[in-house]
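Using numbering that gives the first Met the number 0, the letters of the sequence shown correspond one by one to residues 0 to 317.
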Amino acid sequence: MNDWTAVTVETSTEAVDAVSYILTDTGAAGIQIEDAADFAKLKPGRYGDEIIDPSSIPHRQTGAAVTGYYPSSVFVPELLPGIKQRVLKLKEFGLNPMPATVKSEAIENQDWKTAWEKYYHPVRVTRTLTVVPEWEDYQPSSDEKLLILDPGMAFGTGTHPTTQLMLQALELTVRGGESMLDVGTGSGVLSIAAKLLGVGQIKAYDIDEVAVRSAKKNLALNPAAKDVEIGVNSLLDGIHDQDADLIVANILAEIILPLIPQAYENLKPGGHFLTSGIINDKFDEVAQALRDGGFKIDETMRIKDWYGIIAHKPTHAE
0 MNDWTAVTVE
10 TSTEAVDAVS
20 YILTDTGAAG
30 IQIEDAADFA
40 KLKPGRYGDE
50 IIDPSSIPHR
60 QTGAAVTGYY
70 PSSVFVPELL
80 PGIKQRVLKL
90 KEFGLNPMPA
100 TVKSEAIENQ
110 DWKTAWEKYY
120 HPVRVTRTLT
130 VVPEWEDYQP
140 SSDEKLLILD
150 PGMAFGTGTH
160 PTTQLMLQAL
170 ELTVRGGESM
180 LDVGTGSGVL
190 SIAAKLLGVG
200 QIKAYDIDEV
210 AVRSAKKNLA
220 LNPAAKDVEI
230 GVNSLLDGIH
240 DQDADLIVAN
250 ILAEIILPLI
260 PQAYENLKPG
270 GHFLTSGIIN
280 DKFDEVAQAL
290 RDGGFKIDET
300 MRIKDWYGII
310 AHKPTHAE
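Right, dumping it as structure tokens:
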């Protein structure tokens with residue numbers, strides 16, 4: 000039985016992050032990137048007693064390939080035309096996605112596991128947070144907090160720029176004991192990180208039942224997150240007056256816009272709204288919508304072509 004489908008997009012170095020986001024957004028449980036530019040930066044060097052020449056390592060000579068791994072619950076043939084269209088549409092955002100070829104391949108479950116164990120390793124994503132795959136025996140330093148994920152289940156592995164922006168925003172904002180709503184939780188990575196940083200009660204939501212199941216499994220790998228409440232819901236539809244201290248959302252800019260009034264309603268005065276998933280050309284639109292919705296923007300953050308925003312609901316005294 001073929002348990003997974005790999006979708007590979009041949010593209011350019013500059014479009015790697017955007018293509019990764021498209022594949023993740025369409026249900027890929029994880030991303031593998033092969034980029035010729037990564038090897039172009041390497042120079043011959045010493046490893047132990049051996050001299051290593053990067054040119055001797057098999058790798059792409061030009062361009063980049065982004066591969067998304069989709070579980071059997073996702074009907075990939077139905078997705079391929081839309082993926083192709085969204086990749087080509089990146090031209091409108093000033094990115095060159097070419098050659099933009101899209102192909103799929105059925106793979107066995109064991110192949111998936113082997114691929115992830117080869118490409119997915121511990122990554123320090125903020126000053127204190129390190130994302131670790133669940134099979135790694137990793138010894139943290141005294142100032143590290145470990146965020147354990149199973150990439151075979153994850154909808155986001157903590158290493159995409161938008162996720163890193165959100166994790167950094169949490170680290171800047173959390174003081175301890177806050178209540179939080181996690182909208183579009185995906186892998187549960189933000190809820191887990193928030194718990195490690197000291198957030199109190201957390202309610203997490205995702206519209207995708209598969210994502211919710213994935214998040215539950217990742218929450219179970221992290222004892223600090225065992226009491227996170229999680230369920231299926233579209234944004235904050237039907238959820239009112241939560242009086243939350245924090246709302247976090249790492250979703251596409253187009254989806255952030257209808258969330259803004261819902262976030263404002265469910266935050267207490269002085270509460271913070273942290274959001275990312277905002278590509279360069281959408282930043283001004285989202286920032287203005289936040290201001291029009293009553294928020295004050297405290298800080299903007301950027302990694303490559305992606306933005307994160309820390310905003311707050313003004314207090315009565317402001």
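No residue lacks a Cβ here, since even glycine has one placed at the ideal position from N, Cα and C. Bear in mind that the values here come from a model prediction, so they are computed numbers and not experimental data.
> If you draw a straight line from the alpha carbon of residue 39 to that of residue 4, how long is it in whole angstroms?
Replying inline: Only weak support exists for where residue 39 lies, its pLDDT of 49 falling under 50; the value from the coordinates is given anyway. Each residue's alpha carbon lies about 30 Å from the other.
> When the distance is taken between beta carbons, is residue 131 closer than 8 Å to residue 147?
Replying inline: yes
> Considering only residues of the region 231 to 259, which uninterrupted beta strand (DSSP E) runs meet the minimum length of 3 residues and lie entirely inside it, listed in chain order?
Replying inline: 243 to 249
> First and last residue of the beta strand (DSSP E) that includes residue 126?
Replying inline: Segment: none, residue 126 is in no beta strand (DSSP E) and carries neither H nor E.
> Quick one: complete alpha helix (DSSP H) runs, 4+ long, within the region 169 to 240?
Replying inline: 188 to 196 and 208 to 219
>> Tell me the rounded alpha-carbon separation between residue 205 and residue 71.
In response: 19 Å
> Pick from 195, 279, 257 and 286: whose alpha carbon is nearest that of residue 128?
Replying inline: 195
> Whose C-alpha, out of 180, 276 and 215, is nearest the C-alpha of residue 241?
Replying inline: Among 180, 276 and 215, the Cα nearest to that of residue 241 belongs to 180.
> Per DSSP, what kind of secondary structure is residue 141 in: helix, strand or coil?
Replying inline: coil
>> Going by beta-carbon coordinates alone, are residue 172 and residue 210 separated by less than 8 Å?
In response: no
>> Suppose you measure from the CA of residue 54 to the CA of residue 12; what does that come to, to the nearest Å?
In response: Residue placement at residue 54 is flagged as unreliable, the pLDDT there being 47, under the threshold of 50; a coordinate-derived value is accordingly withheld.
> So what's residue 317 in DSSP terms, helix, strand or just coil?
Replying inline: For residue 317, the secondary structure class from DSSP, reduced to helix, strand or coil, is coil.
>> Between which residues of its own chain and residue 15 is the CB-CB distance below 7 Å, once the five residues before and five after are set aside?
In response: 32, 34, 63 and 65
> Between which two residues does the alpha helix (DSSP H) carrying residue 20 extend?
Replying inline: 15 to 24
> So residue 104 is in the beta strand (DSSP E); what residue range does that whole segment cover?
Replying inline: 100 to 106
> Are there three or more Cβ pairs, one per stretch, closer than 8 Å when the region 209 to 225 is compared with the region 242 to 254?
Replying inline: no
> Which residues share a DSSP beta bridge with residue 68?
Replying inline: 5 and 29
>> Beta-carbon within less than 6 Å of residue 191's beta-carbon, same chain only, minus the 5 sequence neighbours each way: which residues are those?
In response: Cβ neighbours of residue 191 beyond the five flanking positions: 146, 221 and 224.
> In three-state DSSP terms, what is residue 88?
Replying inline: helix
> What are the start and end residues of the alpha helix (DSSP H) that includes residue 283?
Replying inline: If you look at residue 283, you'll find it in the alpha helix (DSSP H) that goes 282 to 291.
>> Can you look up residue 158 in the DSSP assignment and give me helix, strand or coil?
In response: coil
> Would the region 273 to 292 and the region 87 to 107 be scored as touching if the rule is three or more Cβ pairs under 8 Å?
Replying inline: yes
> Who are residue 271's beta bridge partners in DSSP?
Replying inline: 245 and 311
>> Using C-beta distances below 6 Å, list every residue in its chain close to residue 133, excluding the 5 sequence neighbours before and after it, in chain order.
In response: Cβ within range, chain order: 147, 149 and 220.
>> Rounded to the nearest angstrom, what separates residue 7 and residue 234 at their Cα positions?
In response: 29 Å
>> Please return the same chain residues whose Cβ sits closer than 6 Å to the Cβ of residue 166, not counting the five positions on each side in sequence.
In response: Result list for residue 166: 124, 125, 128 and 192, in chain order.
> Three-state secondary structure (DSSP) at residue 81?
Replying inline: The three-state secondary structure of residue 81, taken from DSSP, is helix.
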